[in-house]
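Working notes, beginning with the structure itself.
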Amino acid sequence: MLAKLEAVLTVVAFIMLVIGFINSGFSLGWFFVVMALVYVIRYIEYRRWTAIVSFILLAVGAAALFFIGS
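Numbering-wise (our numbering), the sequence shown opens with residue 58 and increments by one.
Printed below as a string of structure tokens:
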């Protein structure tokens with residue numbers, strides 16, 4: 058179940074990344090938010106500390122992009 062959700066969120070993140078590059082009005086922060094959710098799922102599945110570090114980096118990146126965009 059979580060593996061399917063992770064796959065779907067990864068595809069959604071890729072679509073948001075492409076839209077963010079094409080449309081300057083769309084914040085790339087949404088890409089970082091979705092990828093942070095993917096790493097939360099990976100932590101739940103694998104219990105690796107690298108998933109927590111990745112989540113923190115992606116969350117900070119998302120916040121930075123949202124502040125730059127506003």
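Cβ coordinates follow ideal geometry from the N, Cα and C atoms, glycine included. A quick note: this is a predicted structure, and the numbers were derived from the prediction, not measured.
Cβ-based burial, residue i [other Cβ within 10 Å; buried from 16]
i: arginine 105; result: exposed
N- and C-terminal bounds of the alpha helix (DSSP H) containing residue i
i: methionine 73; result: 59-79
Residue from the options with nearest C-alpha to residue i
i: glutamate 63; options: Val91, Ala120, Trp87; result: Val91
i: tyrosine 96; options: Gly82, Ser81, Leu114; result: Leu114
i: lysine 61; options: Ser81, Ile98, Asn80; result: Ile98
Three-state class that DSSP yields for residue i in the structure shown
i: glycine 82; result: coil
i: arginine 104; result: coil
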